[in-house]
Every structure is written in C-alpha cells, then in structure tokens.
Amino acid sequence: MRKTDGIFKLLGLCLLAGVLLAGMLFPFVGGLGVMSNQASATVDNTSTELANVPPPLVTTVTDANNKPIATLYQQYRIPTASDQISDAMKWALISIEDKRFYEHDGVDWKGTARAAISNTQGGDTQGASTLTQQYVKNYLINVVYWNDNNPKHIIGRQKAQEQTIARKLKEARIAVQLETKMSKEEILTGYLNIVEFSRRIFGVGAAARAYFGVSAKELDAAQGALLAGMVNNPTALDPWNHPEDAKKRRNLVLDKMVENRKLSEEDAEKLKDEPLGVLPGGPSKPAANCVGAGPDHGFFCQYVEDYLLRAGMDKDDLYTGGYTIKTTLDRKANQHAKDSAEFQVSKTEPNVANTLSLVKPGKKRHKVVALAANKDYGPDKSKGQTVFALPSDVRNVGGGGSTFKIFTAAAAMQEGVAGIFDKISAPNFHISPVFTAEGQTSCPGNPQYCVQNYPGASFGKSITLQDALAKSPNTAFVILEEKTGMGPVVNMAKKLGLRRSMAANGNGAPPDPDAEKLEVRLSQAEVYKPTENHPGGGSFTLGPAAVSGLELANVAATIMSGGVWCPPTPIAKVTDRNGNTVKIQEEPCERVIPEALADTLAVGLGVDHTRGTARGAAAKVGWARPMIGKTGTAQGAKASTFVGATPQLAGAAMVFRPDNQLGSLCYAGPGNVRACEEGAGNMQGARTPADTWFGAMKKIHANLPKKDLPKPHPKYAKMHEDEDEDG
33 MRKTDGIFKL LGLCLLAGVL LAGMLFPFVG GLGVMSNQAS ATVDNTSTEL
83 ANVPPPLVTT VTDANNKPIA TLYQQYRIPT ASDQISDAMK WALISIEDKR
133 FYEHDGVDWK GTARAAISNT QGGDTQGAST LTQQYVKNYL INVVYWNDNN
183 PKHIIGRQKA QEQTIARKLK EARIAVQLET KMSKEEILTG YLNIVEFSRR
233 IFGVGAAARA YFGVSAKELD AAQGALLAGM VNNPTALDPW NHPEDAKKRR
283 NLVLDKMVEN RKLSEEDAEK LKDEPLGVLP GGPSKPAANC VGAGPDHGFF
333 CQYVEDYLLR AGMDKDDLYT GGYTIKTTLD RKANQHAKDS AEFQVSKTEP
383 NVANTLSLVK PGKKRHKVVA LAANKDYGPD KSKGQTVFAL PSDVRNVGGG
433 GSTFKIFTAA AAMQEGVAGI FDKISAPNFH ISPVFTAEGQ TSCPGNPQYC
483 VQNYPGASFG KSITLQDALA KSPNTAFVIL EEKTGMGPVV NMAKKLGLRR
533 SMAANGNGAP PDPDAEKLEV RLSQAEVYKP TENHPGGGSF TLGPAAVSGL
583 ELANVAATIM SGGVWCPPTP IAKVTDRNGN TVKIQEEPCE RVIPEALADT
633 LAVGLGVDHT RGTARGAAAK VGWARPMIGK TGTAQGAKAS TFVGATPQLA
683 GAAMVFRPDN QLGSLCYAGP GNVRACEEGA GNMQGARTPA DTWFGAMKKI
733 HANLPKKDLP KPHPKYAKMH EDEDEDG
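Each residue of the sequence shown is one higher than the one before, counting from 33 in this note's numbering.
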C-alpha cells in the first residue's frame with residue numbers, strides 16, 4: 033500500500049512539474065493544456081495593468097504660498113529611487129525573501145520543485161515565490177486592486193491571493209516576462225516601493241520615516257532587517273502591537289544576512305540584543321485627510337475637497353492620484369479670521385458656532401482666502417472640535433435674516449420699482465394683500481401674512497431705499513416684494529450668489545420628496561417662488577431658511593465686482609504626479625446684473641459712522657475706510673449675520689446653533705455667547721457677527737490702500753418722484 037502511494041505521489045509530482053514548466057515556457061496543447069491556456073489568456077492583460085496602473089500616492093494640499101497644509105491619501109507612500117535606498121535594506125530583503133534573486137530569471141526552479149513536492153503531499157501552494165513573483169502579487173493587491181470599496185477590486189485582490197496552481201502559473205509567467213523588460217534593480221526598487229508595512233504605510237520610503245524617522249538611504253542593518261521581516265505578515269509583525277514577534281523575526285533576518293554573507297556573525301549578534309528602535313507611541317505619519325490641516329486650516333481643506341468633488345473629480349482619484357493642490361488660502365487672513373471668531377465665542381461653548389468666510393472680488397475669479405470658525409477642525413467634540421464644514425456648508429447653519437433684503441432691493445431696482453434714493457413705504461405694521469399666512473406669520477382673524485418692524489423702531493410713513501437697507505424695516509421690504517413679485521426676488525438671490533443655498537431645502541439639506549413639510553420637501557427656490565395658484569413666500573426677504581456663510585460672502589463679492597458672479601474658488605492650481613497642470617471644470621464667471629445696478633446697490637449698502645446697524649461695531653475698531661454691509665438676524669434670534677465688503681475683500685460672519693436650531697442665542701458681550709431657550713435670545717447681526725467681521729478685517733486691511741466705493745448710476749439712483757405711502 034505504501035509503495036502504491038509513493039508511485040502516485042511521484043506521478044503527481046512529474047505531472048505538476050510538467051504543467052508548471054509548460055505554462056511558463058509555451059502554450060500547452062491537449063487536455064492538460066487547458067490550465068496553461070487559462071493562465072496564458074490573462075498574462076498579457078495583467079502585464080499591461082502592471083505597466084499602466086500607477087501606484088496610489090499622497091495628494092498634497094498647500095496654501096497660496098505653496099506651503100503644505102494637509103495630505104490626502106489611502107496609502108501613505110513616498111516614492112523612492114534605487115540610489116535612495118540603503119544597501120542594508122536591500123540585502124535584508126533579499127536574504128529573507130529570495131537569496132537567489134540575482135541568479136534566477138523570475139522563477140526559482142529549486143524552490144518551485146520543493147513547493148511542488150509539498151503540494152502533492154497535501155501542503156500549501158505558497159512558497160517558492162521569488163521577489164519578482166511577489167512584486168507581481170503585491171502590485172496586483174496594493175496597486176491594481178487596492179480599493180476595498182470597489183467590488184471589482186475586491187474580486188481581483190481575492191484572485192491575486194487565491195492558493196491555486198492556475199494563479200501560480202499566471203504569476204510565474206508574468207514574473208518571467210517582467211524579467212525580460214526590467215532590470216533586477218528596477219524590480220527590487222519597484223517591490224520596495226509598493227509593499228505594505230502595516231497601518232496604511234506602503235513602500236520603504238514611507239516606512240523609514242514612519243518607523244524610525246529617517247530616510248530610506250539612512251536605514252541600517254537592524255532597521256532594514258525589521259522592515260524586511262515585516263513584509264511576510266505586516267499586521268502580525270507590527271512592532272508596536274507585537275514587539276516580541278517583530279524582534280524574533282528581525283533577528284531571523286539578521287541570521288539570513290549572515291548566511292548570505294552580507295553581515296558578519298559578530299555584528300549580527302550585537303544587533304540582536306538591541307531594542308527595535310521604532311519611534312515611541314506608534315508610527316510618525318501625516319493624517320490621511322483634512323484633519324491633518326489642523327484646527328485652523330481644516331475647514332478650508334474640507335472646502336477644497338468638497339469643491340473638487342462637485343467639479344467632477346473622483347474621490348478615490350483625489351486620494352490616490354499624487355496631486356499637488358495649490359489653494360487660494362491666505363494663512364495670515366485666515367488666522368485673523370480665526371482669532372476674531374474665537375474671541376467673540378469660545379470654542380468650547382456648546383451648540384454655538386461663529387464663522388467668518390472671506391472672498392476676493394474680481395471679474396475673472398472670486399478667490400476664497402479664508403474659512404474660519406470659533407470651533408477647531410477635528411473629531412474631538414469635547415475639545416471644541418468638529419469636522420462639519422461650518423463656514424461653507426448650508427446644512428443646519430441657520431437663516432441669514434435681513435441680509436436677504438439685499439436681494440429684494442436689487443430686484444426692485446432691476447424691475448424699475450424703486451431707485452436707491454427713492455422713498456418707499458415703511459409702516460410699523462403691515463397686513464399683506466398679496467401673501468397668505470400659509471407657513472408664515474398670520475394676523476389674528478386674518479388669513480393674510482402679517483409683518484411688523486423691530487419693537488420700538490419707527491421710520492415714519494416712508495424712507496429711502498438706501499436708508500431702509502441701513503435701518504432694516506421689515507415692512508418696507510415685504511411691500512417691495514409685493515410690488516416687484518417673488519420671481520425676480522428669488523431669482524436675484526440665486527444670481528448674486530446663493531446657488532447651493534437656494535437649491536437646498538429650508539434645513540440646508542437636499543429636498544426630501546417624501547417629507548410632509550413644504551420647506552423640507554422642496555428647495556428654497558421652489559418654496560418661495562410664485563406659482564400659478566400661489567403668490568410665493570413673502571417672508572423670504574427676512575431670511576428665515578438655511579444659508580451658506582461662504583455664499584453670502586460671495587454675494588458681497590459679486591456686488592463689488594460690478595455684478596459679475598464667479599464661483600467662490602479655493603483652487604489656484606492643480607498638478608498631477610508628473611507635474612502636469614490638471615484643468616478643473618469650474619463654473620464660468622457670468623454677468624448677473626448690470627454694472628450700473630451693482631455700483632448703485634453698493635452705494636445703497638455703504639456703511640459709515642452715521643448710518644447702518646453695524647456702525648457701532650465699526651466704531652469699536654476705528655474703522656475708517658469705504659465699505660458695504662448689511663446685518664441680519666433670523667426669527668427668534670437663533671442665528672445672526674453680518675455680510676460686508678471693501679473693494680479688496682468681501683466677507684460674511686455668522687453665529688448660529690449647529691447642533692440644534694430649536695432655541696435662541698443669548699449675548700452678554702464678547703466671549704459670553706450661549707445657546708438659550710426659545711424666546712430668550714437677544715443676539716443681533718450688529719453684535720457678535722459684526723464684531724467678528726470688523727475685528728478681523730481691520731487687521732487684514734492694515735497695509736492695504738483705501739479704495740472708494742463706485743458712484744451711483746442715474747438709471748438706478750432715482751426712478752420716481754417722492755411720495756409718502758401709507759402701506
């Protein structure tokens with residue numbers, strides 16, 4: 033019986049060896065050739081993949097001066113040339129993984145024979161893999177099929193690791209083919225650049241930095257032995273989690289280096305007694321996302337990522353493409369914005385966010401220069417951190433309040449209803465003959481929409497549109513909406529800059545077609561625009577719904593750009609891994625209102641020491657340069673805003689409740705702002721938001737020349753003879 037078993041084992045060995053040899057050298061004909069042909073059919077495709085699929089690299093995000101602020105990656109890898117890798121590292125790897133590396137042609141025939149015998153005796157099909165074969169396997173796993181979220185990648189990675197003769201045949205044939213196209217040094221360097229070292233660290237360049245804080249060129253024998261030993265099983269041999277196993281494996285590699293005559297026995301014994309020498313506390317590597325931009329620049333980094341994804345870039349490509357993204361971030365301006373926001377509201381104050389977004393006006397580009405908040409960017413809420421894009425997002429931000437009166441004024445001017453110096457009705461109380469109370473404030477016993485001015489305020493029967501923008505009577509702007517029509521008013525908001533805000537629902541989220549409430553089911557534009565059976569929402573001019581602070585800043589930039597809207601871009605330049613410029617598909621700039629209208633509107637929004645609700649905040653810092661501005665407070669004081677601009681820079685400051693909007697904001701001076709119960713709030717746009725805006729802008733403008741506002745155009749300055757209206 034034993035003799036028969038031995039004969040069958042011998043026949044099995046001969047059969048396997050024949051198939052393997054045939055599969056590597058030429059197509060096999062006949063029944064047994066099916067296995068070889070299956071392998072052969074995929075060799076060319078896989079070889080092409082190895083040649084054409086570049087390894088995932090780290091994308092670097094920089095500020096406007098090319099100074100890095102963050103890294104984005106799936107695999108932390110530092111490309112390293114052959115002459116940048118120490119000989120000790122190379123020989124450590126060769127000694128433990130493939131001591132005949134420089135002798136074979138891609139396949140170690142002696143090792144293959146041993147593996148074949150093991151397989152016929154029920155052993156595994158591993159073993160005998162040369163560095164060239166491992167290079168093929170690791171390239172498929174770590175480069176071609178790296179993505180855990182891609183079903184095709186998952187299947188491809190499984191096939192690259194399956195323990196079958198067919199997979200071994202394919203791997204061996206590709207290895208032989210590679211050896212005819214690449215030098216040994218190229219294969220060794222390629223392997224050392226793509227192999228994994230645990231914890232998303234790939235390649236020896238990144239491993240040397242992460243594990244020891246040195247370059248790959250500086251790796252000594254002990255360090256090289258530790259890294260070389262890890263490639264066998266990176267997770268199980270992680271030196272921080274499994275130090276004893278890692279040390280045992282390192283010492284084995286040192287012994288192999290002695291056997292391979294690349295290290296003396298005396299030196300090896302000394303090195304065996306040394307500690308692992310890895311950096312304390314874990315590997316040193318940059319954060320893999322915008323958290324790495326830190327508390328100050330994380331919000332800007334997040335907007336860069338969001339902007340590129342909306343522009344059509346694939347997220348996986350962004351995180352693996354090895355791009356260099358030069359942004360428009362002005363570090364100094366951002367720091368002033370951050371300091372001012374945090375001075376007004378503590379970063380640890382629960383459910384109170386204070387933001388400042390800054391945009392440069394221009395007729396060709398609107399560059400975002402700062403996105404700051406009192407909160408730090410990061411994952412630890414107990415430390416006042418958040419990864420929610422507070423300065424730029426729309427969701428759960430709160431309403432812009434009376435800043436929306438800008439759109440009503442602009443639409444009224446464009447439609448010929450009123451010029452900036454014309455008088456308009458401003459009664460203290462108004463029952464709208466146009467708008468119904470559906471979803472708005474109702475009058476007792478009356479189905480129409482009711483509106484009143486701030487308690488205690490009195491403007492007489494009429495007021496100029498310019499003064500109305502400064503003093504903000506609610507009734508005046510609802511009456512303007514009635515005369516202008518909600519279509520032009522809502523369209524004006526979108527044209528001047530509220531693109532994403534108007535496309536979102538009242539909560540700032542995408543419209544939910546299954547929701548019962550109108551303000552959640554439809555976009556803001558749909559809710560407030562008139563329809564055949566509905567006049568629209570007159571409360572729009574009071575800014576009740578969510579709005580992006582960045583988009584409000586861009587509204588001011590559009591006005592100061594003579595009516596030219598451009599997307600608020602954070603991108604200065606993008607280059608690929610080879611240094612080639614990558615074109616980003618940004619929306620084109622467009623003229624949205626006549627320049628004469630924009631210039632006249634700017635005059636109407638002018639802020640000085642005698643007029644405007646923010647004049648007190650301006651006086652605090654000694655502001656003495658021309659600017660435009662408008663305050664706003666959402667109903668119930670749950671959010672407040674100040675939007676303003678000089679000819680050089682536009683910005684919007686917003687304070688709101690990001691975690692729960694049901695309630696108010698209570699103000700008791702700088703640094704003493706808190707979330708409070710509904711009806712108890714006293715926050716106003718002229719308080720925290722205006723103080724935040726002027727606190728930062730005073731310093732940012734310190735060395736900038738004073739520039740005058742544009743002059744009003746007669747067409748939009750005065751359209752009608754003065755006459756008081758009772759409303």
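Using N, Cα and C, we set each Cβ at its ideal position, and we do this for glycine too.
Remember, it's a predicted structure, so these values are computed and weren't measured experimentally.
Please report how far the alpha carbon of R779 lies from the alpha carbon of A239, in whole angstroms. The structure shown does not extend to residue 779, since the chain is modelled only from 33 to 759, so the question has no answer here.
Using CA coordinates, which residue listed in S580, P327, M686 and T678 is at the minimum distance from K670? The shortest Cα separation from K670 among S580, P327, M686 and T678 belongs to M686.
Using a C-beta cutoff of 8 Å, does D544 count as contacting chain B? Of the protein chains in the structure, only one exists, and it is not chain B.
Whole-angstrom distance between I226 and K142, CA atom to CA atom: 27 Å
For P411, which residues of its own chain have a beta-carbon under 8 Å away from its beta-carbon, when the five flanking residues on both sides are left out? V323, Q417 and V419
Opposing strand residues paired with H566 [DSSP bridges]: DSSP lists T563 as the beta-bridge partner residues of H566.
Assuming Q484 contacts I463 under a Cβ cut-off of 8 Å, what Cβ separation, rounded to an integer in Å, is found between them? At roughly 10 Å, the Cβ-Cβ gap does not stay under 8 Å, so Q484 and I463 are not in contact.
Does the beta-carbon of A712 have 16 or more other beta-carbons within 10 angstroms, so that it is buried, or is it exposed? exposed
Residue from P266, I219, K216 and K304 with nearest C-alpha to L286: K304
Can you tell which of D338, A207, N478 and A248 has its C-alpha closest to the C-alpha of F467? Taking only the C-alpha atoms, the option nearest F467 is N478.
Opening and closing residue of the beta strand (DSSP E) in which F674 lies: A671 to A677
Pair within 8 Å by beta-carbon distance, A589 and K392: yes
Can you give the Cα-Cα distance for T607 and V614, rounded to whole angstroms? Taking C-alpha positions only, T607 is separated from V614 by approximately 5 Å.
Top-ranked residue by Cα proximity to E564, from P543, G517, V587 and P600: G517
Round the Cβ separation of T338 and Q367 to the nearest angstrom and send it over; I've been treating them as touching at under 8 Å. Before going further, note that residue 338 is Asp rather than Thr in the sequence given. Going by Cβ atoms, the distance from D338 to Q367 rounds to 22 Å, so no, they are not a contact pair.
Grab me the residues of G451's own chain with a C-beta within less than 6 Å of its C-beta, minus the 5 sequence neighbours each way, in chain order. Y748, A749, K750 and M751
First and last residue of the uninterrupted beta strand (DSSP E) at L771: Past the edges of the chain, shown from 33 to 759, lies residue 771, and the structure says nothing about it.
Use the C-beta contact count for N182: other C-beta atoms within 10 angstroms, 16 or more gives buried, fewer gives exposed. By the neighbour-count criterion, in which a residue is buried when 16 or more other Cβ atoms sit within 10 angstroms of its Cβ, N182 is exposed.
Tell me whether R706 sits in a helix, a strand or coil according to DSSP, three-state version. In the structure shown, R706 sits in a strand (DSSP, three-state: E or B).
Under the three-state reduction of DSSP, which class applies to M686: helix, strand or coil? In the structure shown, the three-state DSSP call for M686 is strand.
Would you give the residue range spanned by the alpha helix (DSSP H) that P465 belongs to? Segment F461 to T468 is the beta strand (DSSP E) holding P465; no alpha helix (DSSP H) there.
Go through the region 478-559 residue by residue and report every complete run of the beta strand (DSSP E) that reaches 3 residues or more, in order. 478-484 and 494-496
How is the beta strand (DSSP E) around G309 delimited, first residue to last? Neither: G309 is in no beta strand (DSSP E) and is coded neither H nor E.
Across the region 653-660 and the region 735-747, are there enough close Cβ pairs to call them in contact, namely three or more that are closer than 8 Å? yes
K730 to P465, Cα distance in whole Å? 45 Å
What are the uninterrupted segments assigned as alpha helix (DSSP H) that are 4 or more residues long and contained completely in the region 82-107, given in chain order? none
Residue nearest to S490 in terms of C-alpha spacing, selected from I603, S457 and G568: It is S457 whose Cα lies nearest to the Cα of S490.
If you draw a straight line from the C-alpha of A402 to the C-alpha of N97, how long is it? 14 Å
Taking C-beta to C-beta, are A207 and T162 nearer than 8 Å? yes
Where R282 sits in the DSSP three-state scheme: helix
Contacts around K561, its chain only, beta-carbon distance under 7 Å, and the 5 residues preceding and following it disregarded: Result list for K561: M518, G519, V522 and G568, in chain order.
DSSP three-state call for L361: helix, strand or coil? coil
Opposite W597 in the DSSP bridges: which residues? E622
Euclidean distance between Cα positions of A577 and Y243: 50 Å
What span of residues does the beta strand (DSSP E) with V606 cover, start to end? I603 to T607
Within 8 Å, strictly: CB atoms of A343 and E618: yes
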